[in-house]
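Q:
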Amino acid sequence: WLQACDMKKNILLKNLYNNYRVCSKHFARHMFLNNLKNRLQPHIVP
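So the sequence shown is numbered by the UniProt record's numbering: it starts at 1 and just counts up by one.
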């Protein structure tokens with residue numbers, strides 16, 4: 001995901017998890033597990 005989002009590689013994992021998100025607009029409808037668009041299929045990359 002870091003490469004797909006063109007993020008810096010020196011971000012601490014703790015900071016990445018707590019401070020960064022990828023919004024649902026970066027994913028097609030079929031990539032989600034549900035209609036709420038809050039769960040992605042395991043193999044999906046933005």
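All residues carry an ideal CB built from backbone N, CA and C; glycine is no exception. On a predicted model such as this, the values are computed, not experimentally measured, just so you know.
So, with DSSP's three-state summary, where would you put Leu-40?
A: Position 40 of the sequence shown, counted from the start, is the residue given in the question as residue 40. In the structure shown, Leu-40 sits in a strand (DSSP, three-state: E or B).
Q: Starting from Asn-19 and walking both ways along the alpha helix (DSSP H), at which residues does that stretch end?
A: As a working mapping, residue 19 is identified with position 19 in the sequence shown. Start and end: 13–19.
Q: Are the stretch 28–35 and the stretch 3–15 in contact at 8 Å, needing three or more beta carbon pairs?
A: no
Q: Report yes or no: is there a C-beta of chain B within less than 8 Å of the C-beta of Pro-46?
A: Protein chains in the displayed structure number just one, and chain B is not present.
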